[in-house]
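Working notes, structure below.
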Amino acid sequence: MKGLFDLSEVANYFFRKKDPNRKSNFNLRTMHRINKLSIMMFLAGVIYFIIKHW
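FYI, in the working numbering the residues of the sequence shown are 1 to 54.
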């Protein structure tokens, strides 16, 4: 059960440093922005649902 609520990977995704050796392009940057936005929207929805039904 403890592994289900481990949010360290999500936090690392948002706050990791950029790798200078990795090649970056527009598609990759856009994909990461969309992923971050969708994670934030999901967490906001979960928090809203918990507050509303508590």
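Just so you know, even glycine gets a beta-carbon here, dropped at the ideal spot from N, CA and C.
Check	Outcome
Taking the alpha-carbon of Tyr13 as reference, which of Leu37, Trp54, Phe49, His53 has the nearest alpha-carbon?	Leu37
Mind reading off the beta-carbon distance from Ile47 to Val10? Whole number of angstroms is fine, and I expect it under 8 Å.	Actually they do not touch by this definition, with Cβ atoms about 14 Å apart.
Could you spell out where the alpha helix (DSSP H) holding Ser24 opens and where it closes?	From DSSP, Ser24 is part of no alpha helix (DSSP H); its letter is neither H nor E.
Between the alpha carbons of Asp6 and Thr30, how many angstroms are there, rounded?	26 Å
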